[in-house]
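Protein chains in written order, with our numbering: chain A, 1 to 227; chain B, 1001 to 1117; chain C, 2001 to 2083. Beta carbons: idealized from backbone N, C-alpha and C, even for Gly. The structure appears below as structure tokens.
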Amino acid sequence: MIKRIFSLFFVILLAIVLLPLVTDIKPLTELGIISQKYANDGAKELGAANLVTSVVVTYRGLDTLGEVTVLFITTAGIGFLLRKRSNGKNKKRKASEILKSGTSFLLPLIVLFGVYIFTHGHLTPGGGFQGGVVIASAIVLLLLSDISFHTDHNILNWLESMSGAFYIVLGILGLVLAGGFLDNRFIPLGEFGKIFSAGAIPIIYSLIGLKVGAELVGIISKLGREE
Amino acid sequence: MTIITILGFLLIIIGLWGMLTRKHLFRIILGFSIIDTGIHLIIVSLGYIKGRTAPIFDIDLSTVDAVHNIVDPIPSALVLTAIVIGLAVTALMLVYVVQMKRQKGSLDISDYEELKW
Amino acid sequence: MILAIIIVLGVLMLVAAFLALYLKDLLSAIIAAGAISLMASVIYIILAAPDVAMTEAAIGSGLTTIVFLYALHLVKKEQGYKQ
């Protein structure tokens, strides 16, 4: 009982401390200075129609590199902690009829949708992270509906490592041939609004999408393979 | 908008309350996930400007006068990163809980007393 | 009109947050947490951030629920967990 009163007191204290966050803010009426520069020059300089993509991949590219690193460390940690125990016999239930026929119909559509999302990341809302997650959910559907499907860990490791390495290579190419690290102008900016525009942004985002998808599939299949 | 900031703030308070008072380890991690959602709502709602639209240039939105027509793109980019990292950290925490269950056999947090003084 | 939608979604989110922490059955609590992320995704569309809405819908109410359910299955193999 006394613990509960202490927790309530602590939560109320935090609420009082955070209260100016909700009462004293005035809604924005003008963009900030940095956002004004991105809005004015973003489309001309980088050639991408989606301003959030150009911010994520090029203007704040180092944050995306840090996030990819955090994902990699987390996947390595999960893979280390869930080493396979020796006494396992996998008895799983067979999937029902609805799941099997639904999967065989929906799976190519979901993979196509995921590839569409991450290749058109610079034109429409979307990009590498969303496309990678959609493809990972397609693989989860396959794992649920087919008992004899096992993901090949060698292929996943190879795919993830190569995507990460090529991402860094593209960044260094930007450093050597264009303005700075992860600059996308070493490939000529095409016409605004076409799919082969915006320099290296589609290539970088596709690599990020592949890497995120492979990592998430690795996490799920490691969790699912335990007995 | 202010009301969405208040909603995110209330979600943080509920999540924190859940993390402090519940005993089952899974509910503590659920409370953490609720706190994450609340924080992301607050950040994105601080970048909204009334009457403007999304920062994507297409037929309806031209690049000429974009400064007066789009919402702030920077909070969206930050929250995009934060959501993916939140998933990764939640997955790692759940794997820790599974290992704790295997070592000791209990999912109640009052059984783990080695670090209490 | 938009304000009415936001208020309804907000009340539903707060109720779902309470349900996620206080329901006895863990399976229902995990599904309630997925429902919170789904409603947050609709609020992101109202806030004119479509990239964030896609990411939150796919990750928050898709993969997070799946990872929770896999962990619940791994833990239930052995006996004796309280509450």
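Next on the checklist: Using only CA atoms, which one of C:L2019, C:L2009, C:Y2070 lies nearest to C:K2033?
Outcome noted: Against the third sequence, residue 2033 of chain C aligns to sequence position 33. Here residue 2033 of chain C is Ala; the residue named in the question, Lys, does not match the sequence. If we check each option's Cα against that of C:A2033, C:L2019 comes out closest.
Checklist entry - Hey, is the segment 1017-1031 of chain B in contact with the segment 1042-1062 of chain B, meaning 3+ C-beta pairs nearer than 8 Å? => result no
Checklist entry - Cβ atoms of A:V140 and A:G114: under 7 Å apart, would you say? => result Taking the first sequence and counting its residues from 1, one reaches residue 114 of chain A at position 114. Taking the first sequence and counting its residues from 1, one reaches residue 140 of chain A at position 140. For A:G114 and A:V140, no; Cβs fall outside 7 Å.
Next on the checklist: Which of the three DSSP states is assigned to B:H1024 in this structure?
Outcome noted: Within the second sequence, the letter at position 24 stands for residue 1024 of chain B. In this structure, B:H1024 counts as strand in the three-state DSSP scheme.
Checklist entry - How about A:I230: is its C-beta nearer than 7 Å to some C-beta of chain B? => result No statement about residue 230 of chain A is possible, as the shown extent of chain A runs from 1 to 227 and does not include it.
Checklist entry - Can you give the Cα-Cα distance for A:L8 and A:G193, rounded to whole angstroms? => result Locating residue 8 of chain A in the first sequence gives position 8, counting from the first residue. Locating residue 193 of chain A in the first sequence gives position 193, counting from the first residue. Taking the straight line from one Cα to the other gives about 54 Å.
Checklist entry - Exposed or buried, what is B:R1027 when buried is set at 16 or more other beta-carbons lying within 10 Å of its beta-carbon? => result As a working mapping, residue 1027 of chain B is identified with position 27 in the second sequence. Flag for B:R1027 reads buried.
Next on the checklist: Does B:L1011 come out as helix, strand or coil in the three-state DSSP assignment?
Outcome noted: For the purposes of this step, residue 1011 of chain B is taken as the residue at position 11 of the second sequence. For B:L1011, the secondary structure class from DSSP, reduced to helix, strand or coil, is helix.
Item to check | Buried versus exposed call for A:S148 [16 or more other C-beta atoms within 10 Å across all chains shown] | outcome: In the first sequence, counting from the first residue as 1, residue 148 of chain A sits at position 148. By the neighbour-count rule (16 or more Cβ atoms within 10 Å), A:S148 is not buried but exposed.
Item to check | contact_flag[the segment 195-213 of chain A, the segment 46-56 of chain A] where n(CB pairs < 8 Å) is 3 or more | outcome: yes
Checklist entry - C:G2080: buried (16+ other C-beta within 10 angstroms of its C-beta) or exposed? => result By 1-based counting over the third sequence, the position of residue 2080 of chain C is 80. With a pLDDT of 46 at C:G2080, under the threshold of 50, the predicted position of this residue should be treated as unreliable, though the coordinate-derived value follows. So C:G2080 counts as exposed.
Checklist entry - Along chain A, in chain order, which residues have C-beta atoms closer than 7 Å to that of C:D2025? => result Sequence index remark: in the third sequence, residue 2025 of chain C carries index 25 (1-based). Those do not exist, as C:D2025 stays about 21 Å from chain A at its closest Cβ, beyond 7 Å.
Next on the checklist: Rounding to the nearest angstrom, what Cα-Cα distance links B:L1102 and A:L223 in this structure?
Outcome noted: As a working mapping, residue 1102 of chain B is identified with position 102 in the second sequence. As a working mapping, residue 223 of chain A is identified with position 223 in the first sequence. Inspection of the sequence shows that residue 1102 of chain B is occupied by Arg rather than by Leu. Using only the alpha carbons, I get a separation of about 15 Å.
Checklist entry - Cβ of C:I2036 within 7 Å of Cβ of C:A2016? => result Taking the third sequence and counting its residues from 1, one reaches residue 2036 of chain C at position 36. Taking the third sequence and counting its residues from 1, one reaches residue 2016 of chain C at position 16. Yes, the pair counts as a contact, with Cβ atoms nearer than the cut-off.
Next on the checklist: Less than 7 Å between the beta carbons of B:L1092 and A:G42, yes or no?
Outcome noted: To locate residue 1092 of chain B, count along the second sequence from 1; it is residue 92. To locate residue 42 of chain A, count along the first sequence from 1; it is residue 42. Going by C-beta atoms, B:L1092 is not nearer than 7 Å to A:G42.
Checklist entry - Quick one, which residues of the segment 2037-2053 of chain C are near chain B if we go by CB-CB under 7 Å, in chain order? => result Correct list: S2037, A2040, I2043, Y2044, L2047, A2048, A2049, P2050, D2051, V2052.
Checklist entry - Mind pulling the chain B residues with CB within less than 8 Å of C:M2013? => result Position 13 of the third sequence, counted from the start, is the residue given in the question as residue 2013 of chain C. Simply L1007, L1011.
Next on the checklist: When you compare the CB of B:I942 with every CB in chain A, is at least one pair closer than 7 Å?
Outcome noted: Residue 942 of chain B is absent from the structure shown; chain B starts at 1001 and stops at 1117.
Item to check | Residues of its chain near B:L1039, where Cβ-Cβ distance is below 8 Å and the 5 sequence neighbours each way are ignored | outcome: Indexing the second sequence from 1 puts residue 1039 of chain B at position 39. For the sequence presented, residue 1039 of chain B should be read as Ile rather than Leu. Once the five neighbours on either side are set aside, the close Cβ partners of B:I1039 are G1008, I1012, A1082.
Item to check | Spatial neighbours of A:I168 in its chain, beta-carbon cut-off 7 Å, leaving aside the 5 residues before and after | outcome: By one-based count along the first sequence, residue 168 of chain A stands at place 168. Here the set comprises nothing.
Checklist entry - Nearest to A:V68 by alpha carbon, out of A:S96, A:G132, A:S101, A:I155? => result The residue you call residue 68 of chain A lines up with position 68 of the first sequence. Per the Cα distances, A:G132.
Checklist entry - DSSP puts A:L28 in a beta bridge; with which residues? => result Counted from its first residue, the first sequence places residue 28 of chain A at position 28. Looking at the DSSP output, A:L28 sits in a beta bridge with B:I1049.
Item to check | Those residues which DSSP pairs with A:D152 across a bridge | outcome: For the purposes of this step, residue 152 of chain A is taken as residue 152 along the first sequence, with counting starting at 1. According to DSSP, which records beta bridges pairwise, A:D152 is partnered with nothing at all.
Checklist entry - DSSP three-state call for B:G1056: helix, strand or coil? => result Sequence index remark: in the second sequence, residue 1056 of chain B carries index 56 (1-based). Residue identity check: residue 1056 of chain B is Ile in the sequence provided, not Gly. Of the three classes helix, strand and coil, the one that applies to B:I1056 here is strand, per DSSP.
Checklist entry - Going along chain B in order, which residues have a C-beta closer than 8 Å to the C-beta of A:S35? => result Residue numbering aside, residue 35 of chain A sits at position 35 when the first sequence is read from its first letter. Contact annotation for A:S35 against chain B: D1072, P1073, I1074 [CB-CB distance below 8 Å, chain order].
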